[in-house]
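A quick write-up on the structure given underneath.
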Amino acid sequence: MSIATINPATGETVKTFTPATPDEVEAAIARGYARFDDYRHTTFAQRAKWANATADLLEAEADQAAAMMTLEMGKTLTSAKGEALKCAKGFRYYAENAEALLADEPADAAAVGASQAFARYQPLGVVLAVMPW
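Numbering (this note's numbering), first residue to last: 16 to 148.
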């Protein structure tokens with residue numbers, strides 16, 4: 016079975032793709048779990064480096080992404096490119112601010128019967144999602 020994306024202006028097929036099988040989905044999840052322990056112990060600096068590299072790629076490919084969005088969704092090139100660049104901007108924001116956003120926060124120690132308590136943000140598991148553009 017394949018799924019086609021259709022140009023809304025012309026009705027023509029832009030691309031076709033074959034959805035993942037349940038076994039392929041399970042294999043992707045297993046690969047995620049195989050790398051999870053390494054990932055959860057990476058530093059903010061390393062994660063920022065990856066986020067900035069993703070932003071670099073999005074910026075470099077913004078024209079190509081805009082052309083595809085125009086064909087698939089009927090957006091103007093200007094709007095589509097702006098959307099791609101906004102996505103890159105989001106990655107840069109989190110690269111620059113992740114450490115502050117995810118820093119340990121003081122918590123109510125008395126509520127847990129301790130002299131000190133903190134809320135700690137950390138990766139908890141693997142997520143697999145279908146993310147429509």
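No residue lacks a Cβ here, since even glycine has one placed at the ideal position from N, Cα and C.
Assuming residue i is part of the beta strand (DSSP E), what are its boundary residues?
i, result
"residue 20", "18–21"
Just the Cα atoms here: how many angstroms apart are residue i and residue j?
i, j, result
"residue 139", "residue 26", "43 Å"
"residue 78", "residue 116", "31 Å"
"residue 35", "residue 120", "40 Å"
"residue 130", "residue 122", "10 Å"
"residue 103", "residue 133", "32 Å"
"residue 9", "residue 42", "Look at the range of the chain in this structure, 16 to 148, and you will see that residue 9 is not part of it."
"residue 99", "residue 125", "47 Å"
"residue 46", "residue 57", "17 Å"
"residue 76", "residue 39", "27 Å"
"residue 113", "residue 84", "29 Å"
"residue 61", "residue 55", "11 Å"
"residue 128", "residue 135", "18 Å"
"residue 44", "residue 146", "16 Å"
"residue 93", "residue 37", "38 Å"
Looking only at DSSP bridge pairs, what is residue i linked to?
i, result
"residue 27", "DSSP, once it has assigned bridges, lists no residue as partnering residue 27."
"residue 132", "For residue 132, which the question treats as bridged, DSSP gives no partner whatsoever."
"residue 121", "133"
| query | Three or more C-beta pairs closer than 8 Å, one from the segment 63–75 and one from the segment 105–117: is that the case here? | reply | yes
| Within the segment 29–109, ranges of the alpha helix (DSSP H) (whole runs, at least 4 residues) | 37–55, 59–75, 77–88
| request: Flag this pair as touching only if the segment 80–94 and the segment 23–40 have three or more C-beta atom pairs under 8 Å; answer yes or no. | output: yes
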